[in-house]
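Data block below; observations after.
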């Protein structure tokens, strides 16, 4: 728990959101996207739409956090909105898929970036273990480290985008990309657009990170909504501008299917002069992403440890020891995930389940507001518009995931079913705190 002296400020909260959102997917997902789209306008439109959906989700979660100002995120929200079973399943998804998959994916991609000729599984596992041990040091040390790393990333990110925008392109902006071809099968265009949006939406995940620690903020009813709005808007603008820069300087063939876009971009603009610098930046990006997800993920597991029987084996009367046990348990899950799934499979599997949880939270908020006839953050028409936009697009993404990736979606459903069985066996006598 965070004492009064260590309550999280607005500035730190914004950095937490930025650190959770900005990851390597900002660079790598464009390569995947271009496997489905070739139109410059369509590509940028998907990123803008992804930012809009994330912002609508952030505003919706801000209202939920004001109604239920407690730690745990979807685990706590859905337990209150619906019942403990649904809340437990949301927490189960967070600790078995949400954070562990994101951590594993980041470690795996980093190893493939810089250690192509080495044992990548060994490198990725070492990164996960080292980051987990780092958080044994406690809140103050890990948070100070996180602030420095995140601020450095933000500065470099802004410099990178600015440099790309002001540098002249060697070819015209649209020369390497087609315009929208209206002669194509409209259904195929729409399908590819939605599939691209599935991958891009994963780049925007993390905007809800501060809802896992609402009670740890100073004046949460005022601070958390501002944090969610500022952090999500900042990342959304950066992401869209970054894609403009990448499309401006790189050809379609250089981007399509590539997961190492940023290195290609910097090497092309600087003739290889800043390779070491950009490698350092990417390393910081991965460290920040893995570190903050490790910390936030442990917050969810901590809440489930103290509120449910399933994870009672992680409890301890000594908080520091309990924190170490939680971090080690989470690290073990990450290591197990590292040995399974491809890059694309992991993205779909994770995104499908997380979208389900977010959809239930916002649907629950709409139900509450229909009963109370009140709005907390925005005026009611704007508030409802944000929620309905998020609900509609999230529902479309879920349906498209089921249609296009039935195997991955089935695996996700089986995970939830297993969590339900665990709940029925272990949680019937659980002492939930209402």
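In this note's numbering, the protein residues as written are 8 to 441. From the three backbone atoms N, C-alpha and C, an ideal C-beta is built for every residue, glycine too.
Assigned exposure category for residue i - 16 Cβ within 10 Å defines buried
i, result
"residue 424", "exposed"
"residue 226", "exposed"
"residue 181", "At residue 181, the pLDDT of 49 sits below 50, so the modelled position is not reliable; the number obtained from the coordinates is stated separately. With fewer than 16 other Cβ atoms within 10 Å, it is exposed."
"residue 399", "exposed"
"residue 179", "Per-residue confidence for residue 179 stands at a pLDDT of 48, beneath the threshold of 50, marking its modelled position as unreliable; the derived number appears in the next sentence. Burial call: exposed."
"residue 343", "exposed"
"residue 347", "exposed"
"residue 361", "buried"
"residue 339", "exposed"
"residue 378", "exposed"
"residue 204", "buried"
"residue 16", "exposed"
"residue 145", "exposed"
"residue 431", "exposed"
"residue 189", "Unreliable placement is indicated for residue 189, whose pLDDT of 48 sits below 50; no coordinate value is reported for it."
"residue 113", "buried"
"residue 284", "exposed"
"residue 206", "buried"
"residue 169", "exposed"
"residue 232", "buried"
"residue 95", "buried"
"residue 137", "exposed"
Residue i, DSSP secondary structure in three states
i, result
"residue 346", "coil"
"residue 416", "helix"
"residue 46", "strand"
"residue 179", "Legend: pLDDT at residue 179 = 48, less than 50; position of this residue unreliable, no value from coordinates given."
"residue 224", "strand"
"residue 29", "coil"
Backbone CA spacing between residue i and residue j [nearest angstrom]
i, j, result
"residue 111", "residue 130", "11 Å"
"residue 326", "residue 256", "51 Å"
"residue 415", "residue 271", "31 Å"
"residue 61", "residue 91", "26 Å"
"residue 438", "residue 303", "With a pLDDT of only 47 at residue 438, under the threshold of 50, the placement of this residue in the model should not be trusted, and no figure is reported."
"residue 147", "residue 14", "11 Å"
"residue 330", "residue 309", "8 Å"
"residue 426", "residue 93", "10 Å"
"residue 341", "residue 139", "10 Å"
"residue 121", "residue 311", "36 Å"
"residue 224", "residue 76", "10 Å"
"residue 409", "residue 19", "37 Å"
"residue 295", "residue 26", "6 Å"
"residue 397", "residue 161", "27 Å"
"residue 333", "residue 132", "18 Å"
"residue 45", "residue 39", "11 Å"
"residue 80", "residue 126", "36 Å"
"residue 229", "residue 154", "22 Å"
"residue 401", "residue 70", "18 Å"
"residue 388", "residue 355", "33 Å"
"residue 368", "residue 30", "24 Å"
"residue 254", "residue 209", "20 Å"
"residue 245", "residue 259", "21 Å"
"residue 84", "residue 174", "47 Å"
"residue 214", "residue 202", "21 Å"
"residue 196", "residue 54", "16 Å"
"residue 290", "residue 152", "14 Å"
"residue 323", "residue 261", "52 Å"
"residue 219", "residue 78", "5 Å"
"residue 149", "residue 104", "23 Å"
"residue 273", "residue 171", "9 Å"
Under 9 Å between C-beta atoms of residue i and residue j
i, j, result
"residue 24", "residue 293", "no"
"residue 239", "residue 42", "no"
"residue 123", "residue 134", "no"
"residue 247", "residue 235", "no"
"residue 315", "residue 433", "yes"
"residue 157", "residue 22", "yes"
"residue 72", "residue 82", "no"
"residue 34", "residue 249", "yes"
"residue 243", "residue 57", "yes"
"residue 67", "residue 404", "no"
"residue 320", "residue 167", "no"
"residue 268", "residue 51", "no"
Any chance you could list the alpha helix (DSSP H) runs of at least 4 consecutive residues sitting entirely within the region 38-101, in chain order? 47-74, 81-88 and 91-100
Let me know the alpha helix (DSSP H) ranges lying completely inside the region 271-342, each 4 residues or longer, listed in chain order. 282-314
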